Amino acid sequence: MNQTFFIPTEKDIESTARDFLSLLRKYKVVAFYGEMGVGKTTFIKALCREMGVEGAVTSPSFALVNEYEGNEGEVIFHFDFYRLKNVAEVFDMGYEDYFYSDHYCLIEWPEKVADVLPDYRLDVRIEEEEDGSRTLNVL
């Protein structure tokens, strides 16, 4: 699947997240790639809000995973593997119970766990353009 979403300004994140939601009907595991500060967490926060998550959506940098509940009772796991020291840590946390649970798994820094990512997933590369806008390339 090749699809591109554009986020001209930060105020457009919500509408882009709303449009992106249609892809989650088919894919539960989404891997977000991009440089530090490109907006992975910001986009995931907007996506969670569009899914009905109430309360704070924060990056699980130290806990590795946060769990949220959507407006229809769906479970959403938000992973941030930036601080992961080695892939053995995901074995210790029982990654299979998350990735193969049929719950939503939104993953930041998936390259750190590339060897254990499920084959059936959506890969999204977020890039910052020269004008400050963002492009989401869905692969």
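Note that my numbering has the sequence shown beginning at 5, numbered continuously upward. Glycine included, each C-beta is placed from N, C-alpha and C at the ideal position. Computed from a prediction, not measured in an experiment: that's the story for all the values here.
Check, Outcome
"Spatial neighbours of Thr-139 within its chain, please: C-beta separation below 7 Å, excluding the five flanking residues on both sides.", "Thr-8, Phe-10, Glu-131 and Glu-133"
"According to DSSP, simplified to helix, strand and coil, what is Thr-13?", "coil"
"In whole angstroms, what separates the C-alpha of Asn-6 from that of Pro-114?", "19 Å"
"Is DSSP giving Asp-106 helix, strand or coil here?", "coil"
"With a Cβ-Cβ cutoff of 8 Å, do Glu-18 and Glu-54 count as a contact?", "yes"
"Classify Glu-115 as helix, strand or coil using the three-state DSSP reduction.", "helix"
"Answer with buried or exposed for Lys-49, where buried requires no fewer than 16 other C-beta atoms within 10 angstroms of its C-beta.", "buried"
"Among Leu-143, Ser-137 and Asn-141, which one has its Cα closest to the Cα of Glu-14?", "Ser-137"
"Among Pro-64, Phe-83, Val-91 and Cys-52, which one has its Cα closest to the Cα of Asn-75?", "Cys-52"
"Once you ignore the five residues that flank Thr-45 on each side, which residues in its own chain have a CB closer than 6 Å to its CB?", "Ser-63"
"Let me know the secondary structure DSSP gives Ala-21 once reduced to three states.", "helix"
"Identify the continuous beta strand (DSSP E) that holds Arg-129 and give its terminal residues.", "126-132"
"Jot down the residue ranges of each uninterrupted alpha helix (DSSP H) in the segment 63-101, minimum 4 residues, whole runs only, in chain order.", "92-96"
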